[in-house]
Amino acid sequence: QNQQQQRHTGGRMSRRTSFSPIDERADGESTAGSGETAVVFSLKNEVGCLVKALKLFQEKRVNLKHIESRMSRRVPNEVEIFANCSCSKKEFNELLQHLKDQVNIISFNTPAHVWSAEADDEEVPWFPMKISELDQCSHRVLMYGSELDADHPGFKDNIYRERRKYFVEVAMNYKFGQPIPRIEYTPEEVRTWGVVFRELTKLYPTHACRE
């Protein structure tokens, strides 16, 4: 039977979670830059232990964005903590050095490789099992839509870029259970999408499959 694994927000985490170390170059420097990183560490299941560990995040100016906990499967009477944080490479390295004095660090990584679940020794990528769990990973998808590549047709269109940024912010701030936001489109946007709809309708008979 799988043990129930509790999230700091009160939800449930999918099965067992594992993490791979951050890639390192031959000179020992990490390939991860500034931004979001994650660390998994274990500590004794005693009152005050987690508070002491989390105080280091504050002292090192590391912003905690998400935290989860579960009973350790490696060592009895210990708890494993997953912490997703935002900081620079230097701040994260300093945090790890001081954190090692208080806890056992299991692994650390960048978000691209953080979520994975293990079942019967076979790794399966973590994915949302409920609609509410989309709130935990949607920002990793939406952030790719907030910026444009230089070869994008709207890259030099400031009005388009501001409008696109607004839509991303609306989506990022939405949480499951809230009323779905209503967007008021400008007259120009209505005309544009009207042209798109009519042109696509003309192409359906010759360019779309039956489905």
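All residue numbers in the sequence shown are consecutive under UniProt numbering, ending with 211. Note that beta-carbon positions come from the ideal geometry of N, C-alpha and C, so glycine has one too. In this text, all values refer to a predicted model and were calculated from it rather than measured experimentally.
- Task: Grab me the residues of N84's own chain with a C-beta within less than 6 Å of its C-beta, minus the 5 sequence neighbours each way, in chain order.
- Result: Counting from one through the sequence shown, the residue named residue 84 turns up at place 84. Closer than 6 Å at the Cβ level, and outside the excluded window around N84, lie A38, K65, H66.
- Considering only the beta carbon of each residue, do E36 and S88 sit closer than 8 Å? Numbered from 1 along the sequence shown, position 36 holds the residue referred to as residue 36. Numbered from 1 along the sequence shown, position 88 holds the residue referred to as residue 88. Their beta carbons are not under 8 Å apart, which means E36 does not touch S88 by this criterion.
- Query: Any idea if Q4 is buried or exposed, counting beta-carbon neighbours within 10 angstroms, 16 or more meaning buried?
  - Reply: Here the question's residue 4 lines up with position 4 in the sequence shown. Only weak support exists for where Q4 lies, its pLDDT of 39 falling under 50; the coordinates are left without a value.
- Message: Can you give me the C-alpha to C-alpha distance between K156 and C49, rounded to a whole angstrom?
- Response: Residue numbering aside, residue 156 sits at position 156 when the sequence shown is read from its first letter. Residue numbering aside, residue 49 sits at position 49 when the sequence shown is read from its first letter. K156 and C49 have their C-alpha atoms roughly 52 Å apart.
- Message: Given this structure, state the Cα-to-Cα distance separating Q97 from L56, to the nearest angstrom.
- Response: Reading the sequence shown from its first residue, position 97 is the one you call residue 97. Reading the sequence shown from its first residue, position 56 is the one you call residue 56. Answer to the nearest angstrom: the Cα atoms are 10 Å apart.
- For V195, I'd like the list of residues in its chain whose CB is within less than 7 Å of its CB, leaving aside the five on either flank, ordered along the chain. As a working mapping, residue 195 is identified with position 195 in the sequence shown. Closer than 7 Å at Cβ, skipping near neighbours: no residue.
- Going along the chain, which residues of its own chain have a beta-carbon closer than 8 Å to the beta-carbon of L99, five neighbours each way excluded? Taking the sequence shown and counting its residues from 1, the one referred to as residue 99 is at position 99. Cβ within range, chain order: V39, F41, A53, L56, I105.
- Task: Check whether the Cβ of K52 lies closer than 7 Å to any heavy atom of the ligand SAM, and answer yes or no.
- Result: Absence of the ligand SAM from the depicted structure is noted, as is the absence of any ligand whatsoever, leaving it without description.
- Message: If I follow the unbroken beta strand (DSSP E) through A83, where does it start and stop?
- Response: One-based indexing of the sequence shown puts residue 83 at position 83. Here the beta strand (DSSP E) through A83 covers 78 to 87.
- Task: Could you check what DSSP says for V170 in three-state terms: helix, strand or coil?
- Result: Mapped onto the sequence shown, residue 170 falls at position 170. If DSSP states are grouped into helix, strand and coil, V170 belongs with the helices.
- So R70 packs on E80, CB below 8 Å; how close in whole Å? Translated into the one-based positions of the sequence shown, residue 70 becomes position 70. Translated into the one-based positions of the sequence shown, residue 80 becomes position 80. Indeed, because the Cβ distance is near 5 Å, the residues count as touching under 8 Å.
- Message: Can you tell me whether V51 is buried or exposed? The criterion is at least 16 other CB atoms within 10 Å of its CB, across all chains shown.
- Response: Locating residue 51 in the sequence shown gives position 51, where the first residue counts as 1. When all chains shown are included, V51 counts as exposed.
- Message: According to DSSP, is A53 part of a helix, a strand, or is it coil?
- Response: If you number the sequence shown from 1, residue 53 lands on position 53. DSSP places A53 in helix when its eight states are reduced to three.
- Task: Name, in chain order, the residues that DSSP records as bridge partners for I67.
- Result: By one-based count along the sequence shown, residue 67 stands at place 67. According to DSSP, I67 bridges with A83.
- Item | Beta-carbon proximity check, K60 vs E94, cutoff 8 Å | Position 60 of the sequence shown, counting from 1, holds the residue named residue 60. Position 94 of the sequence shown, counting from 1, holds the residue named residue 94. Their beta carbons are under 8 Å apart, which means K60 touches E94 by this criterion.
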